[in-house]
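Undergrad:
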Amino acid sequence: MKSAKLPAGLATHAPTHAPTQAPSQAPSHLPPITDEESDAGFDGLRARGITLLQQLSGGVWTDHNLHDPGITMLEQLCFGLTDVVYRAGFPVADHLTGPDGVIDYEALSLHPPAEVFPCRPTTPADYRRHLLDATPGLDDATLVPEPGTGLYRLRLQLSQEAGSAGGEPTAGSKGRSSDSAPLSGEVAAERVAAARAAYFERRNLGEDLHPDIVRMREVPCDLHADIDIAGPRDGVDILAEVYDRCARHIARAAVSRTLDELLREGRSLERIYTGPALCNGFIEDAPAPEAGYAAERLFLSDLTTVVLSVPGVVDARVVALRAEGREAAAGSVEWRGADWALSLRLPDRDVPSTISVRRRGNVVPVAWNDLRRRLEDLRSAGRSHRARGRSEQAARAAELLPRGVHRRLDAYVSVQDHLPAIYGLGRYGVPTSAPPQRQARAKQLKAYLAMQEQAIAQGLAQLHHLRELFAVTPGARQGLWTQMIGADAVPGLDKLYVQPPQVVADAVYRPFDRSTRRKNRALDHLLALHGETYTQNSMRQFLGHLSPEEAETLLLENKATWLRDIVQLTRDRAGGFDPSRPSWDAADNCGGLQRRASLLLGFRQWHDRPLTRVLREQRFAIVAKPGAGHQPWLLDGQDDAVRFAPSAGHAVQPADRAQVREDLQRMPWLRLPIPAGLLRAGQRSARYRLMPGAGGAWRLILGPDEDQRWWLLGEFPDDAAARRGAASLRLYLRHLDQESEGMHVVEHVLLRPLRQDALAHARLGLSKDFHQLRVTVVLPGWTQRTSQPAFRHFAEETLRISCPAHLTLRCVWLDAEAMQRFEDTWSAWLAARLAWTGSPDDMRAMTSADETACRVIERLGIEDDPAMAGGGSGGSGDGRGRGSRGEDDGHGPVVQGHA
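In our numbering, the protein residues as written are 123 to 1021.
1. Tell me whether the stretch 784 to 800 and the stretch 844 to 855 touch, counting them as touching only if at least three CB pairs, one residue from each stretch, are closer than 8 Å.
2. Our contact map puts G751 next to R831 with C-beta atoms below 8 Å; I'd like the distance itself, whole angstroms only.
3. Taking F699 as the reference, give the member of A583, R324, A445 with the closest Cα.
4. Between the stretch 920 to 933 and the stretch 882 to 890, do three or more beta carbon pairs fall short of 8 Å?
5. When the distance is taken between beta carbons, is A611 closer than 8 Å to V736?
6. Put P790 into one of helix, strand or coil per three-state DSSP.
7. Using the rule of at least 16 other Cβ atoms within 10 Å of the residue's Cβ for burial, across every protein chain shown, is P113 buried or exposed?
8. Three-state secondary structure (DSSP) at Q279?
9. In the DSSP assignment, find the unbroken beta strand (DSSP E) run with G714 in it and report its ends.
10. Looking at C-beta atoms only, is the number of pairs between the stretch 525 to 543 and the stretch 198 to 206 that lie closer than 8 Å three or more?
11. So, for A743: in the same chain, excluding its five sequence neighbours on each side, which residues have a beta-carbon less than 6 Å away from its beta-carbon?
12. Answer with buried or exposed for G483, where buried requires no fewer than 16 other C-beta atoms within 10 angstroms of its C-beta.
13. Is it right to say K568 is buried, meaning 16 or more other beta carbons lie within 10 angstroms of its own, or is it exposed?
14. Classify A682 as helix, strand or coil using the three-state DSSP reduction.
15. Could you spell out where the beta strand (DSSP E) holding V314 opens and where it closes?
16. Between M661, H647, T638, which has its C-alpha nearest T675's C-alpha?
17. Just how far apart, CA to CA, sit R250 and L872?
18. Could you compute how far the alpha carbon of P240 sits from the alpha carbon of T905?
19. Work out the CA separation of P670 and E290 for me, nearest whole Å.
20. Can we say the stretch 616 to 623 touches the stretch 652 to 671, given the rule of at least three CB pairs closer than 8 Å?
21. Bridge partners for L756 per DSSP, in chain order?
22. If we ignore side chains and look at the alpha-carbon of each, how far apart do R765 and L822 end up?
23. Check whether the stretch 342 to 353 and the stretch 429 to 448 touch, using three or more Cβ-Cβ pairs below 8 Å as the test.
24. Let's see if you can read the secondary structure: which residues bound the beta strand (DSSP E) around C200?
25. Thinking V275 and V336 are a contact (beta carbons under 8 Å), I'd like their distance in whole angstroms, please.
26. Counting C-beta neighbours from all protein chains within 10 Å, is the total for W948 16 or more, i.e. buried, or is it exposed?
27. Along the alpha helix (DSSP H) that carries M661, what are the first and last residues, could you check?
28. Can the beta-carbon of S961 be found closer than 8 Å to that of M865?
29. Taking the DSSP output, what are the residues bridged to N326?
30. Evaluate contact between the stretch 712 to 726 and the stretch 690 to 704, counting only Cβ atoms and requiring at least three cross-stretch pairs below 8 Å.
31. If contacts are defined as beta-carbon pairs under 8 Å, then G270 and G328 qualify, I think. What distance do you get, rounded to the angstrom?
32. Determine contact between the stretch 975 to 984 and the stretch 931 to 949, defined as no fewer than three beta-carbon pairs at a distance below 8 Å.
33. Among P213, A319, R731, which has the Cα closest to the Cα of P333?
34. Along the chain, where does the beta strand (DSSP E) containing S478 start, and where does it finish?
35. DSSP three-state label for A533, please.
36. Whose CA, out of K641, L678, S660, R809, lies closest to the CA of L723?
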């Protein structure tokens, strides 16, 4: 049913889905109609239609009044158009809701605030929050950078609470009992290892953790204070909470807040989710050191504020804070040093409480065992509150997401049902007693209006599939959605079709199908929501070996892949891989630069993997020039029969892999080492030609290649088999090419000597800043695109733009043989580094990591780069292992097509 404004004289129908409103809540006035609503409403459409009619037929049709049948039909069609406008005006959530009533946010690249707002840990404060959130059993964590090196020193203050050694993170619950057993060496080692793993999980590019992690030594201290209480609370409860809060403050324990608490304070989602993503509430930053003091100091006035914040405390006097082995201090005390930190000592059987409690001037006695039980209850309540808070936070975050109602938007009701019965177009049509001429006129009018209504039905089909239009799932490209109106909408219309409706749709709509352009615009809109653009214009110039359809499909799928990973590509663009987990041939452990630049360059796979693996598996060797074994397959390029042979085309394609293998078996030259020029020329469909052979056979030839040579590829029984053979060979060579594209990102700081007496590094003659803030990217130099100097320049610019500005980037292009040697060394170093990271105290693992690091440095060809070996500049990529440097500050000229 239509809910838009109807033409005069027609009955109105209230929409069945219109919301009801109580009379007391009815608005006192209607909102003003906007210009857009006026133009798209019935009056605006009718006025526009009459204007067009006057322009087109003003000389022969001068009566445009209401009584004119043509105006009546115009009004009905305008009425039908308002239905499209009305349905398009539904909330966006309704358009995106599926039949199951759920919005698939991931498939639409629409991410909740908890994913898009947080950043990757960058500052020491960010890392502190991340470490406290991800590591059980920490009171505090301090990350101290070593300027200009990319190294961080980690200082950890472990909690003495034995229960925090389990799987429950304990940020925010730091009370301790003095009679609890001290931490065992095994438990402390587990916590240190967990903190190291948490850092590596969010490690940034060009940075590393110093192997010596400082475990802060706790210096017990006693708090001397007098407090006055009032109210119904028991004195034991109040004193236990005073000790618990003061212990947390002195230990600088993390203060964790829930999402509901922050929303009630009026904080925006952008502010709440500022900083790294956390799983156990929202941890606030530690207080900054007081200005004017060289070391961090703890002021007793701050402790007084903490005590007064406890419910039931009406007055408090913090007298002194006495550290073990030191004089009692008033005013302020030194809070922590390079390897120690204050820790509040809690009362027990042998240590009486140093805080006196008074109610109305009378001392309130507090038994130490009652106080201990209350402290244990506070810790247990804190752990259960955090466990409950995690699930509540996830549920609360889900409630913030929009929800919609699934609507069937393509259902079409014909406007012919609303025309007067005298037109003979409704459900009952023309009476059977009417003369044939009258029936023919009604059919003619029905067909004429059906052509107009088909455009309306087609618009509803596009609305109904809006969710699929914005989908970024793999293979999300689609054709034009069509909806041909039939007898269910217009009775008797099926008898007017000369051909089946689908044949008519293919003939009418297929030539004007712009689905790729429309899909690109939809994906561009989603990118704009994240503040990104991705036109890929620069990459188009390097896709000449593909057909236009193949190129558009590749670019469209690449853009959809970018959107599927938009959160990681933007948030983790400066991230490094995790050296504490396997990264070789592991798709889930990849650095941000490698991931982002690989997509910008159109590489199908972006993680660290052997780029020469496909060549080894296929026993495929690449040589620079043909040898003696290739001579039987070379043709005379001056022969007119060869030069003017007809194209093989690409209409015939193999049905499956079995046909591809069958076609390749007819090409025995594939068992020989393949010249690189032939490998690349074979990916261009226009280079394949057909020549008739002996006995009705057909010869498949290729040429010219990059060196103007012509090749005989094989003989086939007929021309169709030869054409299929060309397609099979091209698919095979494209597969080899695509699997060989990729990169290896080498961070120099990870190659630094781990042992102080590492002599292998000293023999290399490295510059003093070789390991500092430098990155080398190793790329293949033999594929279709990477062999082009223009693409190499484009790739190096892309890498520099994507690289963090404080890092110096260098590119090295290797041929297949040199790349295989490098990858053998690189994978060995990754394994040695992984073994050492798991056992940092193992000297044998440390020595192995140093030795393999030296071999990696040698494979990078530093002797060819004076800047790497100690002075000067220069270097060029020649495809044989020499490096194309590109030493700058990480910036570069803006490249068209980059985000």
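For every residue, glycine included, the Cβ atom is placed at its ideal position computed from N, Cα and C.
TA: Put simply:
1. yes
2. Mapped onto the sequence shown, residue 751 falls at position 629. Mapped onto the sequence shown, residue 831 falls at position 709. Actually they are not in contact, since the Cβ atoms of G751 and R831 sit about 14 Å apart, beyond 8 Å.
3. Sequence index remark: in the sequence shown, residue 699 carries index 577 (1-based). Considering only alpha carbons, the answer is R324.
4. no
5. Here residue 736 refers to the residue found at position 614 of the sequence shown. Here residue 611 refers to the residue found at position 489 of the sequence shown. No, these two residues do not count as a Cβ contact at 8 Å.
6. Locating residue 790 in the sequence shown gives position 668, where the first residue counts as 1. Helix at P790.
7. The structure shown has nothing for residue 113, since the chain only spans 123 to 1021.
8. The residue you call residue 279 lines up with position 157 of the sequence shown. Looking at Q279 - three-state DSSP - the assignment turns out to be strand.
9. Stepping through the sequence shown from its first residue, residue 714 is reached at position 592. Run containing G714: none in the beta strand (DSSP E); it sits in the alpha helix (DSSP H), 714 to 722.
10. yes
11. As a working mapping, residue 743 is identified with position 621 in the sequence shown. So the qualifying residues of the chain are P795.
12. On the sequence shown, residue 483 is found 361 positions in, with the first residue counted as 1. It counts as exposed.
13. On the sequence shown, position 446 is the one that residue 568 refers to. Burial call: buried.
14. Sequence index remark: in the sequence shown, residue 682 carries index 560 (1-based). DSSP places A682 in helix when its eight states are reduced to three.
15. The residue given as residue 314 occupies position 192 in the sequence shown. Counting along the chain, V314 falls outside any beta strand (DSSP E), though it belongs to the alpha helix (DSSP H) covering 307 to 323.
16. Here residue 675 is taken as the residue at index 553 of the sequence shown, counted from 1. T675 has its Cα closest to that of T638, out of M661, H647, T638.
17. Indexing the sequence shown from 1 puts residue 250 at position 128. Indexing the sequence shown from 1 puts residue 872 at position 750. Roughly 22 Å separates the two Cα atoms.
18. What you label residue 240 is simply residue 118 of the sequence shown in a count that begins at 1. What you label residue 905 is simply residue 783 of the sequence shown in a count that begins at 1. So the two alpha carbons sit approximately 38 Å from each other.
19. Residue numbering aside, residue 290 sits at position 168 when the sequence shown is read from its first letter. Residue numbering aside, residue 670 sits at position 548 when the sequence shown is read from its first letter. Bear in mind that a pLDDT of 41 at E290, under 50, signals an unreliable position, so the number given afterwards is only what the model happens to contain. E290 and P670: Cα-Cα distance of roughly 55 Å.
20. no
21. Counted from its first residue, the sequence shown places residue 756 at position 634. DSSP, once it has assigned bridges, lists W833 as partnering L756.
22. Numbered from its first residue, the sequence shown carries residue 765 at position 643. Numbered from its first residue, the sequence shown carries residue 822 at position 700. Looking at the two C-alpha atoms, the distance is approximately 13 Å.
23. Contact check between the stretch 342 to 353 and the stretch 429 to 448: three or more CB pairs, one atom from each, fall below 8 Å, which counts as touching.
24. Working through the sequence shown from its first residue, we reach residue 200 at position 78. That residue, C200, is in no beta strand (DSSP E); its alpha helix (DSSP H) goes 191 to 210.
25. Reading the sequence shown from its first residue, position 153 is the one you call residue 275. Reading the sequence shown from its first residue, position 214 is the one you call residue 336. For the sequence presented, residue 275 should be read as Arg rather than Val. About 7 Å; that satisfies the 8 Å criterion.
26. One-based indexing of the sequence shown puts residue 948 at position 826. The residue is buried, with at least 16 neighbouring Cβ atoms inside 10 Å.
27. Taking the sequence shown and counting its residues from 1, the one referred to as residue 661 is at position 539. Start and end: 659 to 662.
28. Locating residue 961 in the sequence shown gives position 839, counting from the first residue. Locating residue 865 in the sequence shown gives position 743, counting from the first residue. Result no, Cβ atoms of S961 and M865 do not sit closer than 8 Å.
29. In the sequence shown, the residue the question calls residue 326 occupies position 204. Answer is G697.
30. yes
31. On the sequence shown, position 148 is the one that residue 270 refers to. On the sequence shown, position 206 is the one that residue 328 refers to. No, G270 and G328 are not in contact; Cβ-Cβ is about 11 Å, not under 8 Å.
32. With a cut-off of 8 Å, the stretch 931 to 949 and the stretch 975 to 984 count as touching, because enough Cβ pairs lie within range.
33. One-based indexing of the sequence shown puts residue 333 at position 211. If we check each option's Cα against that of P333, A319 comes out closest.
34. Mapped onto the sequence shown, residue 478 falls at position 356. 477 to 481 is the extent of the beta strand (DSSP E) around S478.
35. Residue numbering aside, residue 533 sits at position 411 when the sequence shown is read from its first letter. In the structure shown, A533 sits in coil (DSSP, three-state: anything other than H, G, I, E or B).
36. As a first step, residue 723 is located in the sequence shown; it is residue number 601 there, counting from the start. Among K641, L678, S660, R809, the Cα nearest to that of L723 belongs to S660.
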